[in-house]
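The structure under discussion appears below in the form of structure tokens.
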Amino acid sequence: MTDVDIEGFDAEIEPVDGPISDVSPPPRPVVAVVGLAPRCGASTVARWVAAALAARDPEGAAIISTVAPRGAGALRMPGAARLARGLGARSLEPVRAAGRLCLVDSEVHSPLSIAATYLAPLILDVGHGVPPDAALSVADHVLLVASPEVEPALAEVVAQSIARSAPEPTVVLDRALEDARWDGRADVVLPESRLAARRAATGREARGEIGLAVGELAAALEGSLWH
0 MTDVDIEGFD AEIEPVDGPI SDVSPPPRPV VAVVGLAPRC GASTVARWVA AALAARDPEG
60 AAIISTVAPR GAGALRMPGA ARLARGLGAR SLEPVRAAGR LCLVDSEVHS PLSIAATYLA
120 PLILDVGHGV PPDAALSVAD HVLLVASPEV EPALAEVVAQ SIARSAPEPT VVLDRALEDA
180 RWDGRADVVL PESRLAARRA ATGREARGEI GLAVGELAAA LEGSLWH
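In numbering that gives the first Met the number 0, the protein residues as written are 0 to 226.
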């Protein structure tokens, strides 16, 4: 017991039993997606990964930071609607919601300001030609996206350069074709699928072969935060 005397009033305060509850937010991945060439599929991969992470998150939504975000008009799910309100309350407007995703303009808000909210998984879509330094500085995972037209040697050189100051990148080959040059040189290989690309545009998870591959990647990204 602890005696407390407040202006002559004696009271006894019972100590609190048990540990104080931890109210810190759960760890959520921050993933930088870097495209190695124009139109290599990096933005589509970013949305696939974001939707897969959103489906695994308790809030059912994820954030995409991208240049000139598109997606308004697509049906937004309840989790994305709640997340959009939460982002707006933190002055991270404008927010466009589509499917499971909330899209935030990377030219308006810095990666750090978005990551600091801890509201949902965050995917930083780094367009080709955009300096990746700000995104890499806050990311705990990096995806390096290439199309078959990209030389595998370029992916290796860029991956080695990024790994000097950021997490070692996972190389993703999108729209993969039969190409001996890429044998054993990509960590994740995704086939071409127009249907999956359309689902990405509306903020929904990919299905089929791509859905399985992206789901495994999302599980690995999420799971590594707990080790």
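Ideal placement from N, C-alpha and C gives every residue a C-beta, glycine not left out.
Ranked by how close their Cα comes to the Cα of arginine 81, the residues Leu74, Pro28, Glu58 have Glu58 in first place. The C-beta of serine 146 has 16 or more other C-beta atoms within 10 Å across all chains shown, which makes the residue buried. Considered as a whole, the stretch 60 to 115 harbours 61 to 65, 94 to 97, 100 to 104 as its complete beta strand (DSSP E) runs of no fewer than 3 residues, in chain order. In the DSSP assignment, glycine 34 is bridged to Val144. For the 7 Å CB-CB criterion, leucine 220 and histidine 140 form a contact. Here the alpha carbon of arginine 206 sits roughly 32 Å from the alpha carbon of proline 130.
Per DSSP, threonine 169 lies in no alpha helix (DSSP H) segment; the continuous beta strand (DSSP E) that holds it begins and ends at 169 to 172. Counted as a single uninterrupted DSSP element, the alpha helix (DSSP H) harbouring valine 48 occupies residues 41 to 55.
Leucine 176 carries a coil assignment under DSSP once its states are collapsed to helix, strand and coil. Relative to glycine 98, the option among Leu52, Tyr117, Pro110 whose CA is nearest is Leu52. In this structure, the beta-carbon distance from alanine 41 to valine 144 falls below 7 Å.
A direct Cα-Cα distance of roughly 20 Å separates valine 137 from alanine 218. In the three-state reduction of the DSSP assignment, aspartate 124 falls in the strand class. Separation of alanine 179 and glutamate 191 (C-alpha to C-alpha, rounded to the nearest whole angstrom) is 17 Å.
Between serine 160 and the set Asp132, Asp104, Glu208, the nearest pair of CA atoms involves Asp132. For arginine 193, the enclosing alpha helix (DSSP H) stretches over residues 193 to 200.
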